[in-house]
Amino acid sequence: MKYSHIVFDVDGTLLDTAQCILISLQDALQKTDSISREYDDLVFALGYTSLAVLDRLQVKDPQATLKLWVENENKYSDMIRLFDGIRELLEQLKKDGCELGIVTSRTREEFDLIFRHQSISDMFSTIICASDTDEHKPSPAPLLKYMELTGATGEEMLYVGDSPGDEKCASGADVDFALAMWGVHTDSIPAKYFPRTPQELYKEITK
Numbered sequence: 000m001k002y003s004h005i006v007f008d009v010d011g012t013l014l015d016t017a018q019c020i021l022i023s024l025q026d027a028l029q030k031t032d033s034i035s036r037e038y039d040d041l042v043f044a045l046g047y048t049s050l051a052v053l054d055r056l057q058v059k060d061p062q063a064t065l066k067l068w069v070e071n072e073n074k075y076s077d078m079i080r081l082f083d084g085i086r087e088l089l090e091q092l093k094k095d096g097c098e099l100g101i102v103t104s105r106t107r108e109e110f111d112l113i114f115r116h117q118s119i120s121d122m123f124s125t126i127i128c129a130s131d132t133d134e135h136k137p138s139p140a141p142l143l144k145y146m147e148l149t150g151a152t153g154e155e156m157l158y159v160g161d162s163p164g165d166e167k168c169a170s171g172a173d174v175d176f177a178l179a180m181w182g183v184h185t186d187s188i189p190a191k192y193f194p195r196t197p198q199e200l201y202k203e204i205t206k
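Position 61 (the sequence shown) corresponds to 60 in numbering that gives the first Met the number 0; numbering is contiguous.
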């Protein structure tokens, strides 16, 4: 095994949440600000903190819109599913002695809302949410916080994500990056690995 710590993004990497996130946001914008946006026009929201998204959209009351957005995600949570092969990947990595972690742009409240009922929720030793650092992805701060808490070095770690912000976070922290092609479907983001499936990722890092 090339790494002793494998750290994952959540949305678009562990969980297929895009539809839930964007439909929830569409609904919240319409109700709080009478903003009507096409689904494809909101795809930029994936991979950024919720408040950064609402700032870009220039909503009048970000906290009110955020509250409704989170409530909507709970309402539409039946749209969220584990990507195929993720559970098997995590189980094999744990069996091999790897420490598993999470670095996400979600706040702790947002993370708990979508993750607490997932069957993989107890497999991660260290979880870094947006509320745990002053700076957020694409800053390296969240991965550096993970290193601070675990004592891991950059050479021991692999970060798995699906967005340009994830790659920049890993690069800034001098951590190898794997682009989760099962969640992003593009190879235009720089990475050390471009696995099309979780199983392919496992093969790549155990060669």
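Think of the CB as a built atom: it goes at the ideal place given N, C-alpha and C, for glycine as much as any other residue.
Any idea which residues DSSP pairs residue i with across the strands?
i: T125; result: G100
i: L28; result: Paired residue(s): none; L28 is not in a bridge.
i: M156; result: H4
i: Y192; result: A177
List the whole-angstrom C-beta distance separating residue i from residue j, where the pair is believed to meet the contact cut-off of C-beta under 8 Å.
i: A129; j: W68; result: With 8 Å as the limit, A129 and W68 do not qualify as a contact, their Cβ atoms being about 14 Å apart.
i: L21; j: V42; result: 7 Å
i: G46; j: S187; result: Between S187 and G46 the Cβ distance is about 14 Å, and since that is not below 8 Å, they are no contact.
i: L99; j: M122; result: 6 Å
i: T16; j: I113; result: 6 Å
i: A172; j: V159; result: About 14 Å separates the two Cβ atoms, so there is no contact after all.
i: V174; j: L200; result: No, V174 and L200 are not in contact; Cβ-Cβ is about 15 Å, not under 8 Å.
i: V9; j: I85; result: V9 to I85, Cβ: 11 Å. No contact.
Can you grab the Cα-Cα spacing for the pair residue i / residue j, in whole Å?
i: Q18; j: Y145; result: 29 Å
i: P139; j: I5; result: 16 Å
i: Y2; j: A169; result: 14 Å
i: D40; j: T152; result: 38 Å
i: S23; j: T12; result: 19 Å
i: F7; j: R107; result: 15 Å
i: D165; j: I126; result: 15 Å
i: F193; j: W181; result: 10 Å
i: L81; j: T31; result: 30 Å
i: E87; j: H135; result: 29 Å
i: D54; j: P137; result: 16 Å
i: E154; j: S35; result: 45 Å
i: S49; j: F110; result: 12 Å
i: L148; j: A44; result: 28 Å
i: H116; j: D131; result: 22 Å
i: E72; j: K191; result: 33 Å
Where does residue i fall in DSSP's three states?
i: F176; result: strand
i: V6; result: strand
i: G182; result: helix
i: R55; result: helix
i: L14; result: strand
i: Y201; result: helix
i: Y145; result: helix
i: Y38; result: helix
i: P137; result: coil
i: G150; result: coil
i: D165; result: helix
i: S49; result: helix
i: S33; result: coil
Examine the ligand HEM and report whether any of its heavy atoms sits within less than 8 Å of the Cβ of residue i.
i: D161; result: Annotation note on the ligand HEM: not contained in the displayed structure, which lists no ligands.
Length at least 4, wholly inside the stretch 61-112: the alpha helix (DSSP H) runs in chain order: You should have 61-74, 85-94.
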